[in-house]
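K.L.:
Numbered by full-length UniProt numbering, the letters in the sequence shown go through residues 1 to 691 in order.
By construction, the Cβ of each residue, glycine as well, lies at the ideal position given by its N, Cα and C atoms.
Predicted, not measured: the structure shown is a model, and the values here were computed from it.
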Amino acid sequence: MSAEAGPATAGARDGAVRRVRLPADRRTPAAARAVVRSVLTESHLDELANEALLLTTELTTNAVEHARTELDIEVVADEIGLTVTVSDFAPGSGDELTVGARNDSTEINEVSERGRGLLLVDHFASRWGTTYLPTGKGVWFRLDRPGTEPPAEGTAAGGSTPASAGPATSADGSAPSASAMSELMQTAPDLYADDPLPDFATNLLSRVAEMVGAAGGSIRLDRGDGQGRQVLARFGRPPRPGSDLLRVPLTVHRPYAGELELDAAPSAYARPLAVLTAERLSLHLENDRLRRTDIRRQVWLTFLAEASELLAQSLDVDLTMALVPQLVVPRLGQWCAVHTTDEWGRLRLAAASHADESMLPQLHKVLAETGPDSIQARLREASRSAAQIPLGGPMEGFAVPLIARGQRLGTLAVGRHQRHRHDPDEVAVLEDVARRAALAIENARIHAERRRVAQTLQQSLLPPVLPLVDGIGFAAEYVPTGDDAEVGGDFYDVVPLPDGRWLVVIGDVSGKGVQAAAVTGLVRDVIRVLVGDGKPLPEALARLNETLVERGGGRYCTLALAAVGPGAGDQLDVSLHLAGHDRPVLLAGTGGAGFVGTGGTALGLLDTITSPTAKIALSPGDSLIFYTDGVTERRRGRELFGTDRLRDAAAPLAGYSADVVAARLRAAAINFSVEPPRDDIAILVLRNDAT
1 MSAEAGPATA GARDGAVRRV RLPADRRTPA AARAVVRSVL TESHLDELAN
51 EALLLTTELT TNAVEHARTE LDIEVVADEI GLTVTVSDFA PGSGDELTVG
101 ARNDSTEINE VSERGRGLLL VDHFASRWGT TYLPTGKGVW FRLDRPGTEP
151 PAEGTAAGGS TPASAGPATS ADGSAPSASA MSELMQTAPD LYADDPLPDF
201 ATNLLSRVAE MVGAAGGSIR LDRGDGQGRQ VLARFGRPPR PGSDLLRVPL
251 TVHRPYAGEL ELDAAPSAYA RPLAVLTAER LSLHLENDRL RRTDIRRQVW
301 LTFLAEASEL LAQSLDVDLT MALVPQLVVP RLGQWCAVHT TDEWGRLRLA
351 AASHADESML PQLHKVLAET GPDSIQARLR EASRSAAQIP LGGPMEGFAV
401 PLIARGQRLG TLAVGRHQRH RHDPDEVAVL EDVARRAALA IENARIHAER
451 RRVAQTLQQS LLPPVLPLVD GIGFAAEYVP TGDDAEVGGD FYDVVPLPDG
501 RWLVVIGDVS GKGVQAAAVT GLVRDVIRVL VGDGKPLPEA LARLNETLVE
551 RGGGRYCTLA LAAVGPGAGD QLDVSLHLAG HDRPVLLAGT GGAGFVGTGG
601 TALGLLDTIT SPTAKIALSP GDSLIFYTDG VTERRRGREL FGTDRLRDAA
651 APLAGYSADV VAARLRAAAI NFSVEPPRDD IAILVLRNDA T
């Protein structure tokens with residue numbers, strides 16, 4: 001029923017009157033309570049404090065939440081009671097709010113559907129109603145001292161009362177007290193507990209069950225984690241078989257769901273109080289859901305960061321694809337399979353994993369099945385449409401396409417957990433994992449292709465085998481830099497000369513990569529052409545220097561050339577030319593090692609160069625050891641391997657074959673440090689094998 005008149009206040013005699021205007025602020029209820037408390041104290045109405053403060057809180061809170069305008073608070077006290085009016089300035093017609101006669105069960109149910117605050121007002125107030133003005137509306141309540149006669153019907157503190165006024169007390173005497181309602185409304189979870197919800201729910205359930213006289217009750221909650229509905233709180237005895245329970249659903253968002261049950265006799269207040277309790281609990285359950293969601297998303301972000309780091313560390317295609325199912329299972333699914341697309345567009349199983357290893361054979365069998373309804377068909381559809389596709393039994397789940405840089409690489413199939421389907425957050429994480437996995441697989445493929453190109457190019461710059469020459473032993477060791485996808489600038493060669501001698505070549509072009517490889521190939525080809533035409537070595541070096549200077553590009557080259565041929569007796573005569581290269585080590589067959597030759601000018605830096613000629617005679621068993629700076633500059637912390645350590649490592653190898661000497665020196669350089677080589681290592685050994 002709509003009220004058309006409010007309580008008159010001008011006629012209050014021997015009482016107190018307070019009128020204040022408060023903003024629509026969260027602190028307004030506290031300010032309103034302070035006003036009411038001062039009037040109660042001044043008028044000696046302290047026995048009405050609990051009910052008055054509780055109802056003032058409800059009305060002001062409701063007005064702040066819904067009207068969102070300034071509020072006028074009017075408090076009028078007389079010798080027998082108190083009247084409080086809360087008015088707002090929100091526009092609206094009088095039909096928007098209805099109130100019911102106090103303690104009438106039909107009207108209370110109607111009120112309970114519209115506002116819990118009015119339920120409390122109806123319960124505790126002697127009379128209450130609404131007043132509609134052109135500027136807004138007001139809700140008022142009247143509290144009388146116990147045992148006093150209320151004003152005559154139609155008046156309130158000397159004024160008029162709406163037709164909705166009712167008796168001051170409950171007809172059946174079972175209505176809850178103000179203190180019990182206050183305790184119910186003020187019950188809150190422990191902010192410092194690890195999991196405050198069970199205790200909070202138990203307290204709420206116990207209080208409402210005692211207020212309505214319930215023999216028992218429970219609160220069941222399903223958090224959507226696959227555990228189903230679990231008992232969050234329980235009170236009293238279990239429900240009797242066949243009993244008609246009072247059930248109120250919890251107003252929570254998915255994936256949460258639950259209900260409150262009470263084994264209570266029907267009454268005017270049982271359902272409204274149960275609904276009020278369920279709503280108070282639902283508010284904190286929503287906070288719990290949001291908190292858990294936030295924590296879960298933080299966990300997912302950490303998981304994605306760790307997955308990205310693991311995937312980025314692998315540049316091997318097979319290892320990367322094998323790693324993806326290990327990341328997914330069991331955190332995101334019971335099973336996972338990675339299929340890749342071959343050059344004909346067919347899907348090939350690359351890796352699979354299952355939480356139960358005994359199920360792997362069955363998983364492989366199901367994945368291999370063909371047919372219009374098979375998982376293979378669904379995977380092909382996901383790969384072709386570049387969209388997520390659900391998978392049917394017996395291995396339920398869904399497939400996500402693997403796409404990187406616009407290329408369709410295959411599919412990532414994931415099976416759901418046994419007890420629940422993937423929620424939207426999990427699906428989003430899986431799609432993110434698929435994107436990261438596809439990018440990692442594509443990067444690994446690109447790196448593998450670069451590695452194959454680098455290896456092919458590097459092999460083209462080195463002789464496939466060294467020549468076999470009677471009386472002369474040749475041996476070489478080559479270790480590329482730690483990055484096997486880069487082409488180094490070190491090279492060596494053994495070239496036959498027109499006069500029957502052999503030319504030993506070892507060099508180092510500055511830098512790495514394709515540009516360095518291009519210069520390396522140029523140097524090798526020019527040397528072969530010049531010496532093949534019979535050019536003397538000094539002239540060949542000068543012509544090569546002119547070529548590099550004209551080419552430009554900032555690349556230079558260090559080079560060691562040694563023409564070796566038969567000498568007197570069993571000796572070998574060596575004509576050595578160094579163009580900025582380190583001096584070779586002469587290892588005597590009888591023992592001892594030392595450096596020979598004279599340094600010259602590196603090629604490609606200056607217009608003219610100097611390259612002194614050094615004549616060396618190798619007796620039977622003597623070896624000449626050539627090397628690049630990747631050997632001497634091998635680093636262990638701040639310490640270099642150095643030329644002296646190379647000479648000392650070669651000294652004990654006197655008398656060994658060229659192959660053994662080269663292999664031992666390579667091992668000595670590699671074992672000097674645990675780090676991979678930062679520069680190419682090339683060692684070339686020339687030995688007099690005459691006996």
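1. Exposed or buried, what is Pro23 when buried is set at 16 or more other beta-carbons lying within 10 Å of its beta-carbon?
2. For the beta strand (DSSP E) that Phe200 lies in, which residues bound it at each end?
3. Indicate whether the contact test is met: 3 or more Cβ pairs, each with one atom in the region 633-641 and one in the region 438-449, closer than 8 Å.
4. Quick check on the burial criterion: 16 or more other C-beta atoms within 10 angstroms. Buried or exposed for Ala387?
5. Can you grab the Cα-Cα spacing for the pair Leu143 / Glu51, in whole Å?
6. Would you call Thr83 buried or exposed, if buried means 16 or more other Cβ atoms sit within 10 Å of its Cβ?
7. Quick check: Ala72 and Val36, are their CB atoms within less than 9 Å of each other?
8. Using three-state DSSP, classify Arg237 as helix, strand or coil.
9. If you run the structure through DSSP and keep just helix, strand and coil, what is Ile625?
10. In angstroms with no decimal places, state the Cα-to-Cα distance between residue 701 and Thr520.
11. Between Leu686, Arg380, Ser358, Ala215, which has its C-alpha nearest Pro467's C-alpha?
12. Since Val685 sits in a beta bridge, which residues does DSSP pair it with?
13. Let me check one thing: in DSSP terms, what residues is Ile76 bridge-paired to?
14. Can you tell me the Cα-Cα spacing of Thr608 and Leu544, whole angstroms?
15. Looking only at C-alpha atoms, which of Val526, Ile683, Ala690 sits nearest to Gly567?
16. Would you kindly report the start and end of the unbroken alpha helix (DSSP H) that includes Ala322?
17. Quick check: Asp318 and Ala350, are their CB atoms within less than 9 Å of each other?
18. By Cβ distance below 7 Å, which residues in the same chain neighbour Val549 in space, the five residues on each side in sequence not counted?
19. With DSSP collapsed to three states, give me the class of residue 694.
20. Please check the pair Ala617 and Ala602, which I expect to be a contact at CB under 8 Å, by giving their CB distance rounded to whole angstroms.
21. For Ser388, report the span of its beta strand (DSSP E) as first-last.
22. Roughly how many whole angstroms lie between the Cα atoms of Asp425 and Trp300?
23. Using only alpha-carbon positions, find the residue among Ser575, Asp622, Val414, Ala651 that is nearest to Gly592.
24. Is the region 212-226 touching the region 256-265, taking contact as three or more C-beta pairs under 8 Å?
25. Under the assumption that Asp680 contacts Thr481 (Cβ atoms under 8 Å), give the Cβ distance between them as a whole number of angstroms.
26. Would you kindly report the start and end of the unbroken beta strand (DSSP E) that includes Lys615?
27. Measure from the alpha carbon of Asp222 to the alpha carbon of each residue in Glu442, Gly258, Arg207, Gly500, then state which is nearest.
28. Output the distance between the C-alpha atoms of Val487 and Leu461, rounded to the nearest integer angstrom.
29. Count the CB pairs spanning the region 324-339 and the region 392-412 that are closer than 8 Å, and state whether there are at least three.
30. Confirm, please, whether the CB-CB distance from Leu412 to Val526 is below 9 Å.
31. Mind checking whether Gly224 and Arg254 have CB atoms under 9 Å apart?
32. Just checking my contact of Leu624 with Leu586 at CB under 8 Å: how many whole Å lie between their CB atoms?
33. Mapping the DSSP letters down to three states, classify Gly580 as helix, strand or coil.
34. For a test of the three-state rule: what should DSSP assign to Asp172, helix, strand or coil?
35. By alpha-carbon positions, which one of Arg348, Ser179, Arg555 ends up nearest to Leu367?
36. Report buried or exposed for residue 703, applying the criterion of at least 16 other Cβ atoms within 10 angstroms of its Cβ.
P.N.:
The structure says:
1. By one-based count along the sequence shown, residue 23 stands at place 23. Answer is exposed; the Cβ neighbour count stays below 16.
2. Position 200 of the sequence shown, counted from the first residue, corresponds to residue 200. From DSSP, Phe200 is part of no beta strand (DSSP E) but of the alpha helix (DSSP H) over 197-212.
3. Short answer: they don't touch.
4. Here residue 387 refers to the residue found at position 387 when the sequence shown is read from its first residue. Answer is exposed; the Cβ neighbour count stays below 16.
5. Position 143 of the sequence shown, counted from the first residue, corresponds to residue 143. Position 51 of the sequence shown, counted from the first residue, corresponds to residue 51. Between Leu143 and Glu51, the alpha-carbon positions lie close to 8 Å from each other.
6. Numbered from its first residue, the sequence shown carries residue 83 at position 83. So Thr83 counts as buried.
7. Position 72 of the sequence shown holds residue 72. Position 36 of the sequence shown holds residue 36. The sequence given here has Asp at residue 72, not Ala. Taking 9 Å as the Cβ cut-off, Asp72 and Val36 do not qualify as a contacting pair.
8. Taking the first residue of the sequence shown as 1, we reach residue 237 at position 237. If DSSP states are grouped into helix, strand and coil, Arg237 belongs with coil.
9. Within the sequence shown, the letter at position 625 stands for residue 625. Three-state DSSP puts Ile625 in a strand.
10. It is not possible to answer for residue 701, since the shown part of the chain is limited to 1 through 691.
11. Position 467 of the sequence shown, counted from the first residue, corresponds to residue 467. Nearest option by C-alpha distance: Leu686.
12. Sequence index remark: in the sequence shown, residue 685 carries index 685 (1-based). Ala475, Ile625, per the DSSP bridge assignment.
13. Indexing the sequence shown from 1 puts residue 76 at position 76. Checking the sequence, you will find Val at residue 76 rather than Ile. Bridge partners of Val76: Val17, Thr83.
14. Sequence index remark: in the sequence shown, residue 608 carries index 608 (1-based). Sequence index remark: in the sequence shown, residue 544 carries index 544 (1-based). Whole-angstrom Cα-Cα distance: 11 Å.
15. Mapped onto the sequence shown, residue 567 falls at position 567. Ranking Val526, Ile683, Ala690 by Cα distance to Gly567 puts Ala690 first.
16. For this step, residue 322 is matched to residue 322 along the sequence shown. Start and end: 317-328.
17. Sequence index remark: in the sequence shown, residue 318 carries index 318 (1-based). Sequence index remark: in the sequence shown, residue 350 carries index 350 (1-based). In contact: Asp318 and Ala350 (Cβ atoms closer than 9 Å).
18. As a first step, residue 549 is located in the sequence shown; it is residue number 549 there, counting from the start. Once the five neighbours on either side are set aside, the close Cβ partners of Val549 are Gly604, Asp607.
19. What is shown of the chain runs 1 to 691, which leaves residue 694 out entirely.
20. Within the sequence shown, numbered from 1, the residue matching residue 617 stands at position 617. Within the sequence shown, numbered from 1, the residue matching residue 602 stands at position 602. Contact between Ala617 and Ala602 does not hold, since the beta-carbon distance rounds to 27 Å and is not under 8 Å.
21. The count along the sequence shown starts at 1 and reaches residue 388 at position 388. First, the residue type needs correcting, since residue 388 is Gln and not Ser in the sequence shown. Where Gln388 is concerned, there is no enclosing beta strand (DSSP E), because DSSP gives it neither an H nor an E.
22. For the purposes of this step, residue 425 is identified with residue 425 of the sequence shown, where counting begins at 1. For the purposes of this step, residue 300 is identified with residue 300 of the sequence shown, where counting begins at 1. Each residue's Cα considered, the two are about 9 Å apart.
23. By 1-based counting over the sequence shown, the position of residue 592 is 592. The shortest C-alpha separation from Gly592 is found at Ala651.
24. Note that the region 212-226 touches the region 256-265; at least 3 beta-carbon pairs, one per stretch, sit closer than 8 Å.
25. Against the sequence shown, residue 680 aligns to sequence position 680. Against the sequence shown, residue 481 aligns to sequence position 481. The C-beta separation of Asp680 from Thr481 comes to about 6 Å, placing the pair in contact by the 8 Å criterion.
26. The sequence position of residue 615 within the sequence shown is 615, counting from 1. Unbroken beta strand (DSSP E) run through Lys615: 613-618.
27. Position 222 of the sequence shown, counted from the start, is the residue given in the question as residue 222. Minimum Cα-Cα distance from Asp222 among the listed residues Glu442, Gly258, Arg207, Gly500 corresponds to Gly258.
28. Counted from its first residue, the sequence shown places residue 487 at position 487. Counted from its first residue, the sequence shown places residue 461 at position 461. Take the alpha-carbon of Val487 and the one of Leu461: they are about 10 Å apart.
29. Yes, the region 324-339 touches the region 392-412.
30. Here residue 526 corresponds to residue number 526 of the sequence shown, with the count starting at 1. Here residue 412 corresponds to residue number 412 of the sequence shown, with the count starting at 1. It is not a contact, given that the beta carbons lie outside the stated cut-off.
31. Taking the first residue of the sequence shown as position 1, residue 224 is located at position 224. Taking the first residue of the sequence shown as position 1, residue 254 is located at position 254. Against a cut-off of 9 Å, the Cβ pair of Arg254 and Gly224 comes out as a contact.
32. As a first step, residue 624 is located in the sequence shown; it is residue number 624 there, counting from the start. As a first step, residue 586 is located in the sequence shown; it is residue number 586 there, counting from the start. That belief holds up - the Cβ atoms of Leu624 and Leu586 are roughly 6 Å apart, short of 8 Å.
33. For the purposes of this step, residue 580 is taken as the residue at position 580 of the sequence shown. Here Gly580 sits in strand by DSSP.
34. Working through the sequence shown from its first residue, we reach residue 172 at position 172. Note that Asp172 has pLDDT 42, beneath the 50 cutoff, so the model's placement of it is unreliable and the number below is only indicative. In the three-state reduction of the DSSP assignment, Asp172 falls in the coil class.
35. Here the question's residue 367 lines up with position 367 in the sequence shown. The residue with the shortest Cα to Cα distance from Leu367 is Arg348.
36. Beyond the ends of the chain as shown, which are 1 and 691, falls residue 703; an answer cannot be given.
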